[in-house]
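Q: Offset between the sequence shown (1-based) and this note's numbering: plus 1. Every residue, glycine too, gets a C-beta built ideally from N, C-alpha and C.
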Amino acid sequence: MDLEGKKNLKEMRETMEEKLYSRNWKRYGFDLNPFVSFGTAIIVVALVIYAIVANFEWFGLSPADETLANLRLAITERFDWLFILITNFFILLAIFLAFSRLGRVRLGGMQSKPEFSNFAWYSMLLSAGMGIGLMFWAVGEPLNHFNTPGPIYEGASSSVQAMSQTFLHWGLHPWAIYAVMGLSLAFFAYNKKLPLSLRSIFYPVFKDRVFGRLGDVIDLIAVLATLFGLATSLGLGVQQINSGLGHLIGIPVAPWVQVVLIAVITAIATISIISGIDKGVRILSGANMRMAFVFMIAILLLGPTFFIFRLFASSLGSYLNDFLGSALYLSLESGEGRDWQGAWTIFYLAWWVSWSPFVGMFIARVSRGRTVREFIIAVLLIPSLISFIWLSVFGGTAFSVNEATNGALYATVTDNLPVALFELIDMLNIQLFQGIIVVLLSVLATIIIIFFFITSSDSGSIVINAITSGGKTKTKARQRVFWAVIEGLIAAILILIGGERALQTLQDAVIMTGLPFVILLLFMSIILLVSLSMSYQRQQHKRDVRKLETLIAHTDITYHHEEGSLEEQEEQEQQNKNK
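1. Give the DSSP-derived three-state secondary structure of T456 in the structure shown.
2. Kindly list the residues whose CB is nearer than 8 Å to the CB of I528, restricted to its own chain and excluding five residues on each side of it in sequence; keep chain order.
3. Taking G236 as part of the alpha helix (DSSP H), name the residues at either end of that continuous run.
4. When the Cα atoms are used, what is the spatial distance from A328 to V258?
5. In three-state terms, what does DSSP make of L33?
6. Output needed for I450: all residues of its chain with C-beta closer than 6 Å, excluding positions within five of it in sequence on either side, in chain order.
7. Considering only DSSP beta bridges, list what R291 is partnered with.
8. List the endpoints of the continuous alpha helix (DSSP H) containing A405.
9. Using the C-alpha atoms, what's the distance from K193 back to L108?
10. May I ask which residues mark the beginning and end of the alpha helix (DSSP H) holding R339?
11. Distance check for V37 and L215, CA to CA, integer angstroms please.
12. In three-state terms, what does DSSP make of R79?
13. Would you grab the beta carbon distance between A232 and F518 for me? Rounded to a whole angstrom, and I think it's under 8 Å.
14. What distance in whole Å lies between the Cβ atoms of G141 and Y320, which are believed to be in contact at a cut-off of 8 Å?
15. DSSP on R369, reduced to helix/strand/coil?
16. According to the neighbour-count rule (16 or more other Cβ atoms, all chains shown, within 10 Å of its Cβ), is Y154 buried or exposed?
17. If you draw a straight line from the alpha carbon of H379 to that of Y123, how long is it in whole angstroms?
18. Let me check understanding here. Comparing Cα to Cα, which of A268, L392, W82, S101 lies closest to I455?
19. With DSSP as the reference, label R24 as helix, strand or coil.
20. Just grab the DSSP bridge partners of R107 for me.
21. Check for me: the alpha helix (DSSP H) holding R311 runs from which residue to which?
22. Would Q112 be called buried (16 or more neighbouring beta carbons within 10 Å of its own) or exposed?
23. Does DSSP classify D3 as helix, strand or coil?
24. So what does DSSP say about I96, is it helix, strand or coil?
25. Taking the alpha-carbon positions, what's the A47 to F97 distance?
26. Under 6 Å Cβ to Cβ from W1, same chain only, skipping five residues before and after it: list those, please.
27. Kindly indicate which three-state DSSP category F188 falls into: helix, strand or coil?
28. I need the DSSP call for S581, collapsed to helix, strand or coil.
29. Restricting to Cα atoms, I'd like to know which of F308, L302, M513, V482 is closest to I426.
30. Under 8 Å, with one C-beta from each stretch per pair, do the stretch 427-434 and the stretch 164-178 reach the 3-pair mark?
31. Between G245, A42, L83, which has its C-alpha nearest V420's C-alpha?
32. How big is the Cα-Cα spacing for V254 and G247?
33. Report the rounded CA-to-CA distance for G338 versus L331, giving the unit in angstroms.
34. Is there contact between the stretch 379-396 and the stretch 545-553, where contact requires at least three CB pairs shorter than 8 Å?
35. Do G370 and E116 have their beta-carbon atoms positioned less than 8 Å apart in this structure?
36. What is the DSSP secondary structure of F518, counted as helix, strand or coil?
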């Protein structure tokens, strides 16, 4: 494309962006797309009203938790195949993009440079993508699979089978989903100069219609999926914080306490939110990664160290060896196999899909200047490996402690899952200063969970704020605080709806919102593949032109040098003749 064409294209896109931003509602310090923002607010308010009204029998409505449970059952029975096939396709696509020629495409253009160091970048990836979940499930899930194994990775020993099944849920699948989403957002924002919003990914298909009502609907679906996915993580986190504080200082473990904790921690998180991504999120993520590393090493040394190393190696080998058969497993008949997959695999896949707009946009926000290959390897492989190590340390320790206590830890998992991590710490066989070490580790675990809650709330508010403002990354702090409050409100609503079965209600809600979004993700991935191919051809053309210009310049210099040398030689010969 010539310079004039590029100028016209840039002016056209700036006009479209201005048209999009001109539709925003700008009052009281807010700058919001009215359809996306108010549509989200109406749906959230309607959920609150329904949750309250459904508790009164004289309205004739089913309780909200029963309605969510029925929806979840319908989705897992009829659409489990959709989640399985599409998410496995994302893994294949991510691997192809990383190791094909398209991996050379740089996000932001050929001259773009990374904004953050590698350590800060990896820390933010892990804090946003897995933090609360890994703390919550690292003890409970391996023990569950050990005592009630699923229909995959059969033939291995009980502990290896349990860890392989856990790896399947926390390994390549979630990070492939995040990679596809994050790469799509980053590419269209930095290379195509479009707003950092999900609607921009559909620009090659729908053109300027993405800046109208069609784009509003896409962003509305993304906001709802993000809010419920984020609320699920915050709900899990606050349940574990409540259990930790109850374990340490004896406060009651109850839904009303968890709602108070959500309010308090969200208020604390506003400090980080106001500080912005370059200070608040980056600093907290780095600090939390260091604390989490210290915590993991402590458990590794205090637990069955050599057993953990063996378990990690055997489980990783089992996971990879039977990956295709287990990743594509679908029960052909109703029964225990399908129930297990619905309760575990489909829940996780739906959670990762719902979580993907949040994690994907956050990853995109911090990944300018990376090549596609660097991006995929960092997002897909490194976090997966770190998750495997973390799960092996806590899962292996849980197996050992459970055996030593004759199943007491598993009894805790089945009775009160959020407190399982703290019970594990209590049951460790520590020879010296046991009381002090147990208290220190419990305090450290609680602080890590609180920090993960804050970084998730902070990052989520930044992402939702960007989507609801039409892709703007710079808005007033009060707007980001507003969305952090909404996130906490939804988490509190789901906990109050669920009551004693709040964990199941959180899972039901995330599966419900994950279904429509997994279909959107499929279309996004296809658009990304086509657009990246075209961008590679343009960047490769630029590289070839530069090489040719360099070669011509070098040839020209050599020619003039040789020409000058020839003239000097003739002049010298003439002087010799004259002599």
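A: Reading from the atomic positions:
1. Position 455 of the sequence shown, counted from the start, is the residue given in the question as residue 456. In this structure, T456 counts as helix in the three-state DSSP scheme.
2. The residue you call residue 528 lines up with position 527 of the sequence shown. For I528, where only same-chain residues beyond five positions count, the Cβ hits under 8 Å are S185, I202, F203, P205, V206.
3. Taking the sequence shown and counting its residues from 1, the one referred to as residue 236 is at position 235. Here the alpha helix (DSSP H) through G236 covers 214-250.
4. Numbered from its first residue, the sequence shown carries residue 328 at position 327. Numbered from its first residue, the sequence shown carries residue 258 at position 257. Rounded to the nearest angstrom, the two C-alpha atoms are 39 Å apart.
5. Against the sequence shown, residue 33 aligns to sequence position 32. Three-state DSSP puts L33 in a strand.
6. Taking the first residue of the sequence shown as position 1, residue 450 is located at position 449. Cβ within range, chain order: M136, G238, Q241, I242.
7. Stepping through the sequence shown from its first residue, residue 291 is reached at position 290. R291 is not bridged to any residue.
8. Here residue 405 corresponds to residue number 404 of the sequence shown, with the count starting at 1. A405 -> alpha helix (DSSP H) spans 383-405.
9. To locate residue 108, count along the sequence shown from 1; it is residue 107. To locate residue 193, count along the sequence shown from 1; it is residue 192. Distance between the alpha carbons of L108 and K193: 10 Å.
10. What you label residue 339 is simply residue 338 of the sequence shown in a count that begins at 1. Looking at the DSSP string, the run of the alpha helix (DSSP H) that includes R339 is 337-342.
11. Taking the sequence shown and counting its residues from 1, the one referred to as residue 215 is at position 214. Taking the sequence shown and counting its residues from 1, the one referred to as residue 37 is at position 36. C-alpha separation (whole angstroms): 11 Å.
12. For the purposes of this step, residue 79 is taken as the residue at position 78 of the sequence shown. Reduced to three states, the DSSP call for R79 is helix.
13. As a working mapping, residue 232 is identified with position 231 in the sequence shown. As a working mapping, residue 518 is identified with position 517 in the sequence shown. The pair is not a contact, with the Cβ atoms about 15 Å apart (cut-off 8 Å).
14. Residue 320 sits at position 319 when you count from the first residue of the sequence shown. Residue 141 sits at position 140 when you count from the first residue of the sequence shown. Contact doesn't hold; Cβ gap of about 19 Å is too wide.
15. Position 368 of the sequence shown, counted from the start, is the residue given in the question as residue 369. If DSSP states are grouped into helix, strand and coil, R369 belongs with coil.
16. In the sequence shown, the residue the question calls residue 154 occupies position 153. By the 10 Å Cβ count, Y154 comes out buried.
17. Residue numbering aside, residue 379 sits at position 378 when the sequence shown is read from its first letter. Residue numbering aside, residue 123 sits at position 122 when the sequence shown is read from its first letter. The amino acid occupying residue 379 in the given sequence is Ala; His does not appear at that position. The alpha-carbon atoms of A379 and Y123 are separated by roughly 8 Å.
18. Stepping through the sequence shown from its first residue, residue 455 is reached at position 454. Nearest C-alpha to I455: A268.
19. As a working note, residue 24 is residue 23 in the sequence shown. R24 falls in the coil class under three-state DSSP.
20. Taking the first residue of the sequence shown as 1, we reach residue 107 at position 106. Bridge partners of R107: T372.
21. Within the sequence shown, residue 311 is the residue found at index 310, counting from 1. From DSSP, the alpha helix (DSSP H) with R311 extends over 306-322.
22. Looking up residue 112 in the sequence shown gives position 111. That one is exposed.
23. Residue 3 sits at position 2 when you count from the first residue of the sequence shown. Note that D3 scores a pLDDT of 46, beneath 50, so its modelled location is shaky and nothing firm can be said.
24. Here residue 96 refers to the residue found at position 95 when the sequence shown is read from its first residue. Here I96 sits in helix by DSSP.
25. Here residue 47 corresponds to residue number 46 of the sequence shown, with the count starting at 1. Here residue 97 corresponds to residue number 96 of the sequence shown, with the count starting at 1. The alpha-carbon atoms of A47 and F97 are separated by roughly 43 Å.
26. A query on residue 1 cannot be resolved here, the shown segment of the chain reaching from 2 to 580 and no further.
27. Reading the sequence shown from its first residue, position 187 is the one you call residue 188. DSSP places F188 in helix when its eight states are reduced to three.
28. Nothing about residue 581 can be read from this structure; the chain reaches only from 2 to 580.
29. Residue numbering aside, residue 426 sits at position 425 when the sequence shown is read from its first letter. Comparing Cα-Cα distances from I426 to each of F308, L302, M513, V482, the minimum goes to L302.
30. no
31. Taking the sequence shown and counting its residues from 1, one reaches residue 420 at position 419. Comparing Cα positions, the closest option is G245.
32. Taking the first residue of the sequence shown as position 1, residue 254 is located at position 253. Taking the first residue of the sequence shown as position 1, residue 247 is located at position 246. Each residue's alpha carbon lies about 6 Å from the other.
33. Position 337 of the sequence shown, counting from 1, holds the residue named residue 338. Position 330 of the sequence shown, counting from 1, holds the residue named residue 331. Cα-Cα distance, rounded: 8 Å.
34. no
35. Counting from one through the sequence shown, the residue named residue 116 turns up at place 115. Counting from one through the sequence shown, the residue named residue 370 turns up at place 369. Yes, they are a contact pair.
36. Here the question's residue 518 lines up with position 517 in the sequence shown. Helix, per DSSP.
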